[in-house]
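From first to last, the protein sequence lines are chains Z and F.
Note that numbering that gives the first Met the number 0 numbers the first sequence so that position 133 is 132, with each residue one more than the last.
Note that numbering that gives the first Met the number 0 numbers the second sequence so that position 65 is 64, with each residue one more than the last.
In what follows, a structure is listed as structure tokens, so that the remarks can point back to it.
Number of protein chains: 2
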Amino acid sequence: MGTVGKALDLLDLFTHQRPSAGLSEIARLAGLNKATCHRLLTEMESRGLVEQTGAAREYRLGPAVLRLASLREAAVPTREAAMPVLRALAEATGETAHMSHLVAGRLQTLAFAYSARHGMKVMMEDADFLPFHATASGMAVLAFLPGPAQQDALSAPLPRLTAATETAPEVLSARLPAIRANGYSETASTFETDVHGIAVPLFDARAACVGALAVATPVPRMTVDLRARILAEVTGAGARITLLWGGRLPPELANLWRAAA
Amino acid sequence: MGTVGKALDLLDLFTHQRPSAGLSEIARLAGLNKATCHRLLTEMESRGLVEQTGAAREYRLGPAVLRLASLREAAVPTREAAMPVLRALAEATGETAHMSHLVAGRLQTLAFAYSARHGMKVMMEDADFLPFHATASGMAVLAFLPGPAQQDALSAPLPRLTAATETAPEVLSARLPAIRANGYSETASTFETDVHGIAVPLFDARAACVGALAVATPVPRMTVDLRARILAEVTGAGARITLLWGGRLPPELANLWRAAA
DNA sequence: ACCAATGGTTCAAATAATGAACCAACGCAA
DNA sequence: TTGCGTTGGTTCATTATTTGAACCATTGGT
């Protein structure tokens with residue numbers, strides 16, 4: 000791995016839980032020498048990609064990223080184009096809708112929308128990575144990815160996040176064909192306890208899977224009726240977002256979803 | 000300059016005018032060898048910071064920047080915190096309000112807001128860099144920056160953007176004390192013809208200037224009355240945003256603006 | 001068929017990255 | 001106070017990576 004990769008990996012250390020970190024901590028987390036880290040950070044700081052807080056001299060993401068994101072959205076309006084559909088999905092189902100996309104082999108939360116219908120709703124954290132094996136979105140994406148990518152995603156040691164989390168790669172792999180055949184994936188309490196998820200894959204112009212759209216519901220509220228309604232809505236919204244992104248559904252899926260709606 | 004700096008400099012080549020570029024073009028623009036560029040780009044691509052378009056194999060900003068921006072705003076809500084004030088400023092003045100902040104020595108457009116009052120308004124491009132010498136925002140910031148930074152910003156060859164653009168560093172430098180004394184800066188047709196600008200500086204917790212807030216008006220619409228109204232509104236809004244950002248005004252300025260309002 | 005682009009690759013030579021050891025400063029407990 | 005364990009940051013000889021001229025293979029236009 001080159002120097003640039005190491006520098007960019009440092010950016011992944013910043014999360015919602017850890018919005019800033021000191022030099023030693025960063026070096027420890029990244030497994031790099033303190034001196035190396037310091038050089039990488041100051042170099043990124045000179046371009047505004049990270050900055051140092053005045054007080055504790057901690058590092059955090061810098062203001063330059065705002066320009067990059069703004070430019071990216073202007074060139075490829077991934078988020079803004081899909082937001083109306085996402086909001087409509089939350090409204091139509093009365094539940095929390097969220098959308099994620101593949102970035103460098105990982106599933107990144109892109110946006111979410113809440114419904115105002117219920118006081119109890121599933122809350123989301125934006126801009127975090129979703130584990131493939133424990134989320135409906137992850138499994139939906141995986142099912143439509145080529146075999147090697149599937150193996151890759153399920154090869155790392157998979158954390159058990161709840162009592163219901165399946166962590167055996169063989170078992171998870173075996174589930175993918177069914178998801179592919181159904182055209183959607185479904186999980187309950189595998190990521191967070193008492194959260195039910197239904198997700199559908201999203202595609203690009205070459206009909207390659209690039210993300211997922213999901214509806215998250217508190218398990219106690221789930222009924223057969225609600226499930227059917229969500230399924231119809233999420234497939235429709237999935238088709239619409241894929242279209243907005245300039246993508247197209249794989250032929251089998253187009254037929255499946257037409258039947259569902 | 001290190002390898003990381005070179006890689007990050009490539010990101011600055013992407014603008015609204017050039018949202019994507021081919022390998023040779025990037026190498027030419029950056030003044031780097033094609034092979035070097037290719038390695039840097041593929042390394043950034045592996046982290047999702049840039050991506051290649053299927054068609055022409057051109058490179059553009061990748062989806063990873065969305066996560067970074069989202070995380071940055073969650074940690075330091077620069078943009079979101081100020082947006083209501085910005086919108087209110089546009090509304091109160093009936094003109095276009097915009098906000099910019101310093102990033103690695105350059106002035107970056109952060110956000111803007113339009114008023115619905117008039118059909119003719121000044122339009123802005125988000126996420127671009129503003130020239131210090133030709134904009135009210137730039138001069139407002141410069142006036143409150145330490146001397147060396149002023150020299151630095153006015154040392155590069157300054158482009159003449161309109162017939163009214165002043166490009167002599169000595170002349171521009173000489174104007175800064177007056178701006179500092181007034182607490183705001185004003186330009187007319189120096190950046191774009193027939194666009195009038197009034198700008199005030201924004202500050203951080205150490206009362207160091209970190210950005211500017213401005214109102215842009217079509218010259219034909221400008222009157223003495225409107226100018227007075229804008230001045231009162233923009234100073235008030237500037238004080239409010241500085242406060243929202245956890246900053247504080249330099250004492251002299253606090254007095255000046257109190258007098259204006 | 002030719003030319004001039006393009007994106008991408010190769011490999012010896014040149015250069016930049018690396019990391020153990022080192023400071024200075026701080027906080028804390030004995 | 002002293003001592004210990006942190007912290008952020010720096011140094012410099014060693015080492016490994018970056019670099020770039022030259023090279024392919026394609027593509028599009030004349």
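Virtual Cβ for every residue (Gly too), placed ideally from N, Cα, C.
Secondary structure at residue i, three-state DSSP: helix, strand or coil?
i	result
residue 149 of chain Z	helix
residue 62 of chain F	coil
residue 102 of chain Z	strand
residue 89 of chain F	helix
residue 19 of chain F	strand
residue 214 of chain F	strand
residue 132 of chain F	coil
residue 194 of chain F	strand
Going by Cα to Cα distance, which pick from the options is closest to residue i?
i	options	result
residue 27 of chain F	F:9, F:146, F:0, F:95	F:9
residue 72 of chain Z	F:44, F:125, F:205	F:125
residue 204 of chain Z	Z:35, Z:91, Z:242, Z:139	Z:242
residue 95 of chain F	F:102, F:101, F:87	F:87
residue 150 of chain F	F:133, F:171, F:135	F:171
residue 143 of chain F	F:190, F:181, F:17	F:181
residue 54 of chain F	F:40, F:20, F:46, F:70	F:20
residue 115 of chain F	F:257, F:91, F:106, F:83	F:91
residue 238 of chain F	F:227, F:251, F:226	F:251
residue 135 of chain F	F:179, F:117, F:38	F:179
residue 119 of chain F	F:246, F:85, F:217	F:217
residue 234 of chain Z	Z:199, Z:97, Z:35, Z:23	Z:199
residue 113 of chain Z	Z:97, Z:103, Z:127, Z:104	Z:97
residue 101 of chain F	F:229, F:31, F:140	F:140
residue 231 of chain Z	Z:79, Z:51, Z:89	Z:89
residue 154 of chain Z	Z:104, Z:69, Z:3	Z:104
residue 202 of chain Z	Z:225, Z:65, Z:244	Z:244
residue 303 of chain F	F:49, F:127, F:258, F:152	Residue 303 of chain F lies beyond the stretch modelled for chain F, which goes from 0 to 260, so this question has no answer here.
residue 67 of chain F	Z:31, Z:108, Z:168	Z:108
residue 122 of chain Z	Z:5, Z:2, Z:190	Z:190
residue 0 of chain Z	F:130, F:24, F:12, F:38	F:38
residue 157 of chain F	F:49, F:137, F:147, F:85	F:137
residue 69 of chain F	Z:11, Z:185, Z:226, Z:2	Z:11
residue 13 of chain F	F:236, F:106, F:148, F:128	F:128
residue 184 of chain Z	Z:25, Z:226, Z:146	Z:226
residue 106 of chain Z	F:6, F:63, F:131	F:63
residue 35 of chain Z	Z:246, Z:2, Z:146, Z:236	Z:2
residue 145 of chain Z	Z:51, Z:208, Z:254, Z:255	Z:208
residue 83 of chain F	F:206, F:253, F:25, F:111	F:111
residue 85 of chain F	F:240, F:33, F:133	F:240
residue 132 of chain F	F:6, F:49, F:52, F:186	F:186
residue 65 of chain F	F:254, F:80, F:228, F:48	F:48
residue 206 of chain F	F:23, F:81, F:246	F:246
What residues are listed by DSSP as bridge partners for residue i?
i	result
residue 202 of chain Z	Z:208
residue 112 of chain Z	Z:96
residue 50 of chain Z	Z:59
residue 185 of chain Z	Z:197
Item to check | Members of the stretch 105 to 136 of chain Z near chain F, C-beta cut-off 7 Å | outcome: 107, 109, 125, 126
Next on the checklist: Short of 9 Å Cβ to Cβ, which residues in the stretch 58 to 89 of chain Z face chain F?
Outcome noted: 59, 60, 61, 62, 63, 64, 65, 66, 67, 68, 69, 70, 71, 72, 73, 74, 75, 77, 78
Next on the checklist: Output needed in chain order: residues of the stretch 6 to 34 of chain F with a Cβ under 9 Å from some Cβ in chain Z.
Outcome noted: 6, 7, 8, 10, 11, 13, 14, 15, 18, 19
Checklist entry - How do the stretch 161 to 171 of chain Z and the stretch 195 to 213 of chain Z stand: do at least 3 beta-carbon pairs fall below 8 Å, yes or no? => result In short, these stretches do not touch, since the Cβ pair count stays below three.
Next on the checklist: Is it the case that the stretch 188 to 206 of chain F contacts the stretch 220 to 236 of chain F, given that we only count it when at least three CB pairs across the two stretches are under 8 Å?
Outcome noted: yes
Checklist entry - Counting pairs of Cβ atoms below 8 Å between the stretch 42 to 60 of chain Z and the stretch 11 to 25 of chain Z, do you hit three or more? => result yes
Checklist entry - Between the stretch 74 to 88 of chain Z and the stretch 38 to 45 of chain Z, do three or more beta carbon pairs fall short of 8 Å? => result no
Checklist entry - Of the residues that make up the stretch 227 to 250 of chain F, which ones have a beta carbon closer than 7 Å to any beta carbon in chain Z? => result none
Item to check | Cβ-based contacts, 9 Å cut-off: residues of the stretch 178 to 204 of chain F near chain Z | outcome: 203, 204
Item to check | Under 9 Å (Cβ pairs) to chain F, residues found in the stretch 93 to 104 of chain Z | outcome: Result list: 100, 101, 102, 103, 104.
Next on the checklist: Against chain F, which members of the stretch 144 to 177 of chain Z pass a CB distance test of less than 8 Å?
Outcome noted: none
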